Amino acid sequence: MTIDRRTFLAAGSATMLGSLAMPAIVGRALAADTLKIGSLLDTSGIFDAYGKPMDMALQLAVDQINAGGGLNGQQVEIVSYDTQSDMALYTQYAQKLVRQDKVDVVHGGILSASREAIRQTLHKANILYFYNVLYEGGVCDRNICIDGVTPAQQVEVLMPAAIKKWGKKIYILAADYNYGQITARWMKKYGEDAGGEVIQTDFFPLDVSDFGATIAKIQTAAPDIVVCALVGGPHMSFFRQWAAAGMKSKIPMASTTLGVGNEHKVLTAEEGNGIVVAYNYSPELDSPVNAAFLKAWGDKFGDTSLIHEIAVSHYQGLLLWAQAVKNAGSAERMKVIEAIEGGLSIDGPAGKVSVDPKTHHAILDVHLMEFENQTMKVLESFSQRQPVDTQAVCDLVANPDDNQQYEIKI
Amino acid sequence: MDLALVVAFQVIYSIALLVLISAGLAVVFGMMRVINLAHGEFMMVGGYATIVAVGAGVNIYVAMLIVAPLTVGILGLVIERLVIRFLYGRLVDTMLATWGLSLLLIGLATLIFGNTTTGISVPIEGFPIGAYQVNGYNLFVIVVTAVMVVAIYAVLSGTRWGLIARGTMQRSDMASALGYSPDRIYMLTFFAGSALTGLAGGVLAPLVGLVPTSGTQYIAKAFITVISGGASVIAGLLSSATLFGLVSQIFTFSVNSMVGEIALLIAAVILLRLLPQGITGRFFRGSM
Amino acid sequence: MGEFRHAATVIAIAFVAMLIGPSLLDTYTLTVLIIYGLLALSLGLIWGFGGILCFGQAAFFGLGAYAYAIAAINVGESTVPFLLGIAVPAAFAFVLGAMMFYGRLSDVYLGVITLVVTLILFKFVNSTAGPEYVIGTARLGGFNGVPGFQTLNVPGYPNWYIYDRSFYYFCAVTLLVVYALMRWLIASPFGRIAVAIRENEQRVELMGYDVRFRKTVLFAIGGAIAGLAGTLFASWAEIVTPGLFSLAQSAEVIVWCIVGGLGTLTGPVIGAMILAFLKFLLGQQGQFDSTLILGLILVLSVLFLPRGVVPSIDLLRKRAGLSGRRTAPGRRRRRARSMADV
Numbered sequence: 010m011t012i013d014r015r016t017f018l019a020a021g022s023a024t025m026l027g028s029l030a031m032p033a034i035v036g037r038a039l040a041a042d043t044l045k046i047g048s049l050l051d052t053s054g055i056f057d058a059y060g061k062p063m064d065m066a067l068q069l070a071v072d073q074i075n076a077g078g079g080l081n082g083q084q085v086e087i088v089s090y091d092t093q094s095d096m097a098l099y100t101q102y103a104q105k106l107v108r109q110d111k112v113d114v115v116h117g118g119i120l121s122a123s124r125e126a127i128r129q130t131l132h133k134a135n136i137l138y139f140y141n142v143l144y145e146g147g148v149c150d151r152n153i154c155i156d157g158v159t160p161a162q163q164v165e166v167l168m169p170a171a172i173k174k175w176g177k178k179i180y181i182l183a184a185d186y187n188y189g190q191i192t193a194r195w196m197k198k199y200g201e202d203a204g205g206e207v208i209q210t211d212f213f214p215l216d217v218s219d220f221g222a223t224i225a226k227i228q229t230a231a232p233d234i235v236v237c238a239l240v241g242g243p244h245m246s247f248f249r250q251w252a253a254a255g256m257k258s259k260i261p262m263a264s265t266t267l268g269v270g271n272e273h274k275v276l277t278a279e280e281g282n283g284i285v286v287a288y289n290y291s292p293e294l295d296s297p298v299n300a301a302f303l304k305a306w307g308d309k310f311g312d313t314s315l316i317h318e319i320a321v322s323h324y325q326g327l328l329l330w331a332q333a334v335k336n337a338g339s340a341e342r343m344k345v346i347e348a349i350e351g352g353l354s355i356d357g358p359a360g361k362v363s364v365d366p367k368t369h370h371a372i373l374d375v376h377l378m379e380f381e382n383q384t385m386k387v388l389e390s391f392s393q394r395q396p397v398d399t400q401a402v403c404d405l406v407a408n409p410d411d412n413q414q415y416e417i418k419i
Numbered sequence: 005m006d007l008a009l010v011v012a013f014q015v016i017y018s019i020a021l022l023v024l025i026s027a028g029l030a031v032v033f034g035m036m037r038v039i040n041l042a043h044g045e046f047m048m049v050g051g052y053a054t055i056v057a058v059g060a061g062v063n064i065y066v067a068m069l070i071v072a073p074l075t076v077g078i079l080g081l082v083i084e085r086l087v088i089r090f091l092y093g094r095l096v097d098t099m100l101a102t103w104g105l106s107l108l109l110i111g112l113a114t115l116i117f118g119n120t121t122t123g124i125s126v127p128i129e130g131f132p133i134g135a136y137q138v139n140g141y142n143l144f145v146i147v148v149t150a151v152m153v154v155a156i157y158a159v160l161s162g163t164r165w166g167l168i169a170r171g172t173m174q175r176s177d178m179a180s181a182l183g184y185s186p187d188r189i190y191m192l193t194f195f196a197g198s199a200l201t202g203l204a205g206g207v208l209a210p211l212v213g214l215v216p217t218s219g220t221q222y223i224a225k226a227f228i229t230v231i232s233g234g235a236s237v238i239a240g241l242l243s244s245a246t247l248f249g250l251v252s253q254i255f256t257f258s259v260n261s262m263v264g265e266i267a268l269l270i271a272a273v274i275l276l277r278l279l280p281q282g283i284t285g286r287f288f289r290g291s292m
Numbered sequence: 207m208g209e210f211r212h213a214a215t216v217i218a219i220a221f222v223a224m225l226i227g228p229s230l231l232d233t234y235t236l237t238v239l240i241i242y243g244l245l246a247l248s249l250g251l252i253w254g255f256g257g258i259l260c261f262g263q264a265a266f267f268g269l270g271a272y273a274y275a276i277a278a279i280n281v282g283e284s285t286v287p288f289l290l291g292i293a294v295p296a297a298f299a300f301v302l303g304a305m306m307f308y309g310r311l312s313d314v315y316l317g318v319i320t321l322v323v324t325l326i327l328f329k330f331v332n333s334t335a336g337p338e339y340v341i342g343t344a345r346l347g348g349f350n351g352v353p354g355f356q357t358l359n360v361p362g363y364p365n366w367y368i369y370d371r372s373f374y375y376f377c378a379v380t381l382l383v384v385y386a387l388m389r390w391l392i393a394s395p396f397g398r399i400a401v402a403i404r405e406n407e408q409r410v411e412l413m414g415y416d417v418r419f420r421k422t423v424l425f426a427i428g429g430a431i432a433g434l435a436g437t438l439f440a441s442w443a444e445i446v447t448p449g450l451f452s453l454a455q456s457a458e459v460i461v462w463c464i465v466g467g468l469g470t471l472t473g474p475v476i477g478a479m480i481l482a483f484l485k486f487l488l489g490q491q492g493q494f495d496s497t498l499i500l501g502l503i504l505v506l507s508v509l510f511l512p513r514g515v516v517p518s519i520d521l522l523r524k525r526a527g528l529s530g531r532r533t534a535p536g537r538r539r540r541r542a543r544s545m546a547d548v
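Protein chains in written order, with the working numbering: chain A, 10 to 419; chain B, 5 to 292; chain C, 207 to 548.
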C-alpha cells in the first residue's frame, strides 16, 4: 500500500533513530500560478538523436500554449532534466520532479526501459504521466497516457506489405530490451498471419556496434527479408556495415525503428534507399496543420530537418494534455484523467489523434513509407487505426486500478 | 565450403581487429611498463581526427593512415611530457593518471563534438566469397594490421633506433652511460605507441558510429589482450589475439555475439589463472 | 589508546554532521552520498590496508543491489533480501579472491581479472532481457533493469517503509557502525597482519602466516561492505540497472579512494562524498561536463597530491606541530606508512 509509505511514522524505526524522522510528505502544490511540466529526455548520450528534437518539440508546444494565453489562464513552465541515456538517472530525476519540483504532469521517457523505470514512481506519487513514443504496447495504467504507435498499428501494416513485396522468409534483428523483445514477438505473429515464416531472431545489446558475424549468419540463413527493431547510435553501424558488405541490393529490409531518430538522414542515400517503414508522421504529409507546424518549427529553430516521428509524437502528446486540461477546466490529476477518458481528440501535424478511454492509448493514422534519397516517401496510408493489441488485454473503464504492462501472449 | 571460408575470414578479421586495437598499448606496456588507460580515448581522438579531416576534404585514406596517427602521436607526446614522465616506474600511479586523462579526453570531446553519434561511410565495396557477400573493408583492416605488425617488427629488430630502444628498456642506466638519453627514448616510444593507437582509431572510424565515449569499449579488450599476452610485444600480442579472436568468433557463430564476448572474457580469466605472467611468460620466451 | 580516542572523535564528529546534514541539503541527495561513502570505504579497506587493488568493486556493489532486488520481489519483505544483499557478494568475493590469491596473482594481473569479472557480469546481466531469464518471480530484465521491488522496511512489517529521512538516518548509522567495526578490525591482530602483508608479503609468509587465506578473507569483507552499499543503493534508487556493474562505476570508486587518501578509512569516505557531490552539482548546472572536471581532478591529484586529501591534511597538521623537524615528503609512492593517523 502506497499510503503507508508516506504516512509511515516513527513507530517502527525506534531501532534506527526513527525518533528523529519526520513523515515524508510527498504531495503537490495545487493551484500555483503556473503549471509545471516535468520533462525527462535523453538530450545527450547514445539516444540523443531521439531526445534532442523531442526537447525542441516540447519547447515549441509550450511556447505556443503560452502565446495562446496559457491553459485556463495559467502559464505553463518546463522543468527539465537531461537523463543522459542512463536509465538509472530516470528514477533519480523522477524523484526530484516529485519531491522537489512538485510538477503537475510529466512528459518524457524515450526507451521503454526508461518508461518502466519511472512509471511506478509517478503512479505512487499521483503525478500524471504522458509517454509519447512508439512502443511495444500493453501498458495498462490509468495514470499514464500514451500517444505513440503500437505494434497493432505499425507492425500489422508493415509485415504484410513487406511479405507481399519480397517473399516469405523473415530474419528478425532486435534490440535486447523490453521494446525489442516484445516487438520481435509481434513481428513473428503478424508475419505468420500474413503467410510468412520467421527463420531466425537475433537480439543485440544496445552497445553492440560490430555486426560482421551477424551479416555472415544472415547470408547463411538466406532470408527474403530482414526486419529490424534496432535502437540507438551504436546499432546504426549495422546499416553501414550491411551496405558496405554489398548486401543492400541482395536482401531487402523493413524496420519499426529506423528513421524514428532521423537515421535516414544520417545514412547516405545509397545506404538507406528502399528500406520500408511504417509511422504516424512524415514531414511530407500534406495538411494545413502540418504546414503550420513546419513553419512554426522553422521560425523557432531554423532547421526543420531535425523533426522526426517521435518529436511529432511528443508534440502531439503535449497538445493532448493541453486539450485535456482545457476540457477539464483544471490541471488537477483526476479531472484531467476524466477528460482523457471523456473523448479527447486533437488535430496534430500527423492528422487526427484521439484517445481510447479504455486503454489511454491513441487512435491515429499510420503511413507505410519507403526511404528515398534521405526522405520518407508515403506508399500507402491507413486511417485511424485502433491500438487493438492493448485493447485485447486492458480495460481501464472496467478495472481502473490496473497497473501493469501486459506481455501479450501471442 | 563457402561458409567455412566466410567463417575463416571473420575469424582472421576479428584477430586482426584485436591486434590493431591493442598494438599501441602493447608497445607502450611491453617496452616501458606503462599501462595507458587513456588508450581507448586515444583511439577515439584518432577517429575524430579522421572524420574531421574527411569533412575538411582530405582524402579518406590520407585521413586514416596519416592524419589520425600524427594527431594522436602528437597528443601522446604532449601527455608524456606533461604527465607520464613524472610517473615512470610507478605502475599503479600511471594507470590512475591515465585513467584521469581518459575522463578528461571524453569530457573535452563532448565539449567540442557534442555527445552525438557521428560517422563516415565505408570507402570500400563488399566482395563475394562463393555465394556470400563479405565486407571489403574488413579485408582492408586485415591488410593494414599485417603491414603494421611487420613494420613494428622491422623497426624493433632491424633498425638502430629499435636496438637502442630495446636496450634502454632493459638497462636504462647502461644506455645512459653509452650516451643515449633514456628520457628521449621513452618520449619517442610513447609517441610511436600513441601513433599506432591513432592509426587504429582512424582505421576503425568508418566501421562504427563515433561518440566521445567510444573509447571505453576498446580499452578493456586491449588491456586484456596485452596483459594476457605477457611481456613480449609482438609474440604476446599475436598469440593472445589469436586465442581470443578464435574463441570469441567460434562462440559468436555457434551461439550469438553476446556469448562470444563473454567467452572471450572467461577465456582471459582462465588463461591468467593458469599463466599468471601471460602467454609469453611461459611460452615463446625471449621472443620479441 | 590514542587510536581508540581518534576513532571515537571521528565518530562523534560524524554523528554531529549527520544531524546537521539535513538542514544543509535534501536528504535524498545526502543519502546517496553516504551510500557512496560506504562503497568507497570497502575499497579503502582492501586497497589501503591489504594492498589489493581491485578494479571491480562495482561488481560487488551491483551484485548486492541485484541480490537485494531479486530477493525482495520474491519475498516481499526486506529483511532476508537485505541479508542476502550482503551475503551473496561476500561469498562471490570469497570465491573470486580464493581463485586469485591461491593462484598467486598480484598487481596488474589482479586488476585485469577483477576488471574482466566485472565486464562479464555487466555483459551477462545486460543481455538478460528475454522472458527466459527469471529467478523465482523476478525477471532479470537485462538493459531495463529491475524496477518495482519492495524497498527497505522495518523487519517483520512489510508496510512500514524506511523511507526518506528515516532511510537517511539508517544509512548514516550503518556507515558509522561499519566504520567502527573496520577500525576495530584494523587494530586487531588480523588487521595488523594484513598491513604487514601489504608491506612485505614474503616476510609474513616466512613467519608462518597463511597469506593467501588472509587476503581472501579481507577481500570477502570488502565485498560484503560493497554489497551492503549496493543493497542500500537499490532501496534508494528503487531500480537496479546493469550500469551498476559498469567500469565507470568501478573507476569512480578508485578515484574516490585516491583523492580522499589511501591507508585511511575516513579518506575514501570523504573523497567519495566530496566528489559525488561535486559531480551532482556539475551535473545539475550542465555547464561543464562533469567527466572533464573529474578527470582533471584525478590527474592533478596523482601528480600533486599523491597521498590524498586526508593524509596530506594530517601531514600538514603534524608538521605544524613539530616545526623543528625537517620533513620532505616529496613525491613518494602512494602507500600509507602508518595507520595511526587514520
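Cβ atoms here follow ideal geometry from the backbone N, Cα and C, with glycine treated the same way. Remember, predicted model here, so these are calculated numbers, not experimental data.
Task: Classification of K418 (chain A) by the beta-carbon crowding that lies within 10 angstroms, buried from 16 upward - done: K418 (chain A) should be labelled exposed.
Open item on the list: Using beta carbons (cut-off 8 Å, strictly below), is N135 (chain A) in contact with chain C?
Closed with: No, N135 (chain A) does not count as interfacial toward chain C.
Open item on the list: I'd like the span of the beta strand (DSSP E) that includes P132 (chain B), first residue to last.
Closed with: For P132 (chain B), the enclosing beta strand (DSSP E) covers residues 131-133.
Task: Which of helix, strand or coil DSSP assigns to A223 (chain C) - done: In the structure shown, A223 (chain C) sits in a helix (DSSP, three-state: H, G or I).
TODO: Return helix, strand or coil for F391 (chain A), following the three-state DSSP convention.
DONE: F391 (chain A) falls in the strand class under three-state DSSP.
Open item on the list: Give me the chain A residues within the contact set of G140 (chain B), using Cβ-Cβ distance strictly less than 9 Å, ordered along the chain.
Closed with: Those within 9 Å of G140 (chain B) in chain A are A253, A254, G255.
Open item on the list: Between D51 (chain A) and chain C, is any beta-carbon pair separated by less than 8 Å?
Closed with: Not one chain C Cβ lies under 8 Å of D51 (chain A).
Open item on the list: Let me confirm a value: P2 (chain A) is counted as buried when at least 16 other C-beta atoms fall within 10 Å, else exposed. Which label applies?
Closed with: This structure leaves residue 2 (chain A) out entirely; chain A is present only between 10 and 419.
Task: Top-ranked residue by Cα proximity to P127 (chain B), from B:L279, B:L143, B:L115 - done: Closest by alpha carbon: B:L143.
Open item on the list: On the DSSP letters alone, give me the boundaries of the alpha helix (DSSP H) that F255 (chain C) sits inside.
Closed with: F255 (chain C) -> no alpha helix (DSSP H), and no H or E assigned at all.
- [ ] Could you please give me the residues that DSSP links to Q190 (chain A) through a beta bridge?
- [x] Under DSSP, no beta-bridge partner is assigned to Q190 (chain A).
Open item on the list: Could you check whether G436 (chain C) and G291 (chain C) sit closer than 8 Å to each other, using their CB atoms as the reference points?
Closed with: Against a cut-off of 8 Å, the Cβ pair of G436 (chain C) and G291 (chain C) comes out as a contact.
Task: Q7 (chain A), DSSP secondary structure in three states - done: Given that chain A is displayed from residue 10 to residue 419, the structure contains no residue 7 (chain A) and the question cannot be resolved.
Open item on the list: Is S314 (chain A) close to chain B? Criterion is C-beta to C-beta, closer than 8 Å.
Closed with: No, its Cβ sits nowhere closer than 8 Å to a Cβ of chain B.
- [ ] Going by CA-CA distance only, name the one from B:T193, B:A135, B:G202, B:F46 that's closest to K259 (chain A).
- [x] With respect to the C-alpha of K259 (chain A), the residue from B:T193, B:A135, B:G202, B:F46 having the closest C-alpha is B:A135.
Open item on the list: Bridge partners for D211 (chain A) per DSSP, in chain order?
Closed with: Per DSSP, A:L182.
TODO: Provide the residue(s) that pair with A263 (chain A) in DSSP beta bridges, ordered along the chain.
DONE: Paired residue(s): A:V236, A:V285.
TODO: Name, please, each residue of chain B whose Cβ falls closer than 9 Å to the Cβ of R194 (chain A).
DONE: Per Cβ cutoff of 9 Å: no residues; R194 (chain A) is ~18 Å from chain B at best.
Open item on the list: I'd like to check one pair, P353 (chain C) with A126 (chain A): are the Cβ atoms closer than 8 Å?
Closed with: Yes.
TODO: Taking 8 Å as the cut-off, decide whether the C-beta atoms of V322 (chain C) and I228 (chain B) are in contact.
DONE: Cβ distance < 8 Å, so V322 (chain C) and I228 (chain B) count as in contact.
Task: For F288 (chain B), three-class secondary structure by DSSP - done: DSSP places F288 (chain B) in coil when its eight states are reduced to three.
Task: Residue nearest to V516 (chain C) in terms of C-alpha spacing, selected from C:G477, C:V505, C:E411, C:V222 - done: Of C:G477, C:V505, C:E411, C:V222, the residue nearest in Cα terms is C:G477.
Task: Distance between C260 (chain C) and P448 (chain C) (C-alpha atoms, nearest Å) - done: P448 (chain C) and C260 (chain C) have their alpha carbons spaced roughly 19 Å apart.
Task: Reduced DSSP category for P32 (chain A) - H, G, I as helix; E, B as strand; rest coil - done: For P32 (chain A), the predicted model reports a pLDDT of 34, less than 50, meaning its position is unreliable; a value from the coordinates is still stated below. In the three-state reduction of the DSSP assignment, P32 (chain A) falls in the coil class.
Open item on the list: Residues of the stretch 271-283 of chain B in Cβ contact with chain C at a cutoff of 9 Å, in chain order, please.
Closed with: Within the stretch 271-283 of chain B, the qualifying residues are A272, V273, L276, R277, L278, P280, Q281, G282.
TODO: Please check if any C-beta of chain A sits within less than 8 Å of the C-beta of E458 (chain C).
DONE: Chain A, which has no Cβ nearer than 8 Å to the Cβ of E458 (chain C), makes this no.
Task: DSSP bridge partner residues for S89 (chain A) (one or two, in chain order) - done: Beta-bridge annotation (DSSP): S89 (chain A) is paired with A:S48.
TODO: Identify which residue in C:I403, C:T235, C:T422 has its Cα closest to the Cα of M413 (chain C).
DONE: For M413 (chain C), the closest alpha carbon among the candidates C:I403, C:T235, C:T422 is that of C:I403.
- [ ] For chain B, find out if any of its Cβ atoms is closer than 8 Å to the Cβ of K259 (chain A); answer yes or no.
- [x] Yes, contact with chain B.
Open item on the list: Within a Cβ cutoff of 8 Å, which residues of the same chain sit near L39 (chain A), ignoring the five residues on either side of it in sequence?
Closed with: Any answer about L39 (chain A) is weak, because its pLDDT of 42 lies below 50 and its placement is not dependable; what the coordinates show is given next. Residues E341 of the same chain have their beta carbon placed closer than 8 Å to that of L39 (chain A), with the five preceding and five following residues left out of the count.
TODO: Check the C-beta distance from I189 (chain B) over to A209 (chain B) and give it rounded, since I have them as a contact under 8 Å.
DONE: About 31 Å separates the Cβ atoms of I189 (chain B) and A209 (chain B), ruling out a contact at the 8 Å cut-off.
Task: Residue-chain proximity (Y272 (chain C), chain B), Cβ-Cβ < 8 Å - done: Not an interface residue.
TODO: Show which residues of chain B have a CB atom less than 8 Å away from the CB atom of Q250 (chain A).
DONE: Residues of chain B passing the Cβ test: V126, N139, L211.
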